[in-house]
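Residue numbers (the working numbering): 50 to 148.
Glycine included, each C-beta is placed from N, C-alpha and C at the ideal position.
Everything numeric in this text was worked out from a predicted model, so none of it was measured.
A short write-up of the structure that comes next.
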Amino acid sequence: MITKKLGTIVTGGYLVLSASTVAYELSIRIFDRGNSEFAGMLSVALTLPASLVLIWIGKAAFGVNVGHSDVSFVVILGLSALANACIVWLVFVMLSRQK
50 MITKKLGTIV TGGYLVLSAS TVAYELSIRI FDRGNSEFAG MLSVALTLPA
100 SLVLIWIGKA AFGVNVGHSD VSFVVILGLS ALANACIVWL VFVMLSRQK
């Protein structure tokens, strides 16, 4: 019971943190284009295992990079955060079933 609630809290907290990071860096990309060369690095670091896979798939299959447009920035990093949150949630579900 506690593990299930903890999993929901951790997963929700991760999604809120990831969404706020992506939104912050998107605002830098939109409103200060001249100084936005490193916008996206924090989001990529925060969504690391899945972001590397999705960046690789985007380059190989579609020829799209994270920094090509604002839409690709949000979609790739948003899907990476969602994939990581699903993995974390599944780990907590498996831990709660073992008890």
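With 16 other CB atoms within 10 Å as the buried threshold, where does residue i fall?
i	result
T96	buried
A109	exposed
E19	Residue 19 lies beyond the range of the chain shown here (50 to 148); nothing can be said about it.
L103	buried
V142	exposed
T60	buried
G83	exposed
G89	buried
T70	buried
S118	exposed
L126	buried
A72	exposed
G112	exposed
Look up residue i in the DSSP assignment and say whether it is helix, strand or coil.
i	result
T57	helix
T96	coil
V115	coil
F122	helix
F141	helix
F80	helix
S69	helix
Below 8 Å, how does it come out for the stretch 50-67 and the stretch 124-137: are there three or more Cβ pairs, yes or no?
yes
Count the C-beta pairs between the stretch 69-78 and the stretch 116-127 that are closer than 8 Å, then say yes if the count reaches three, no if not.
yes
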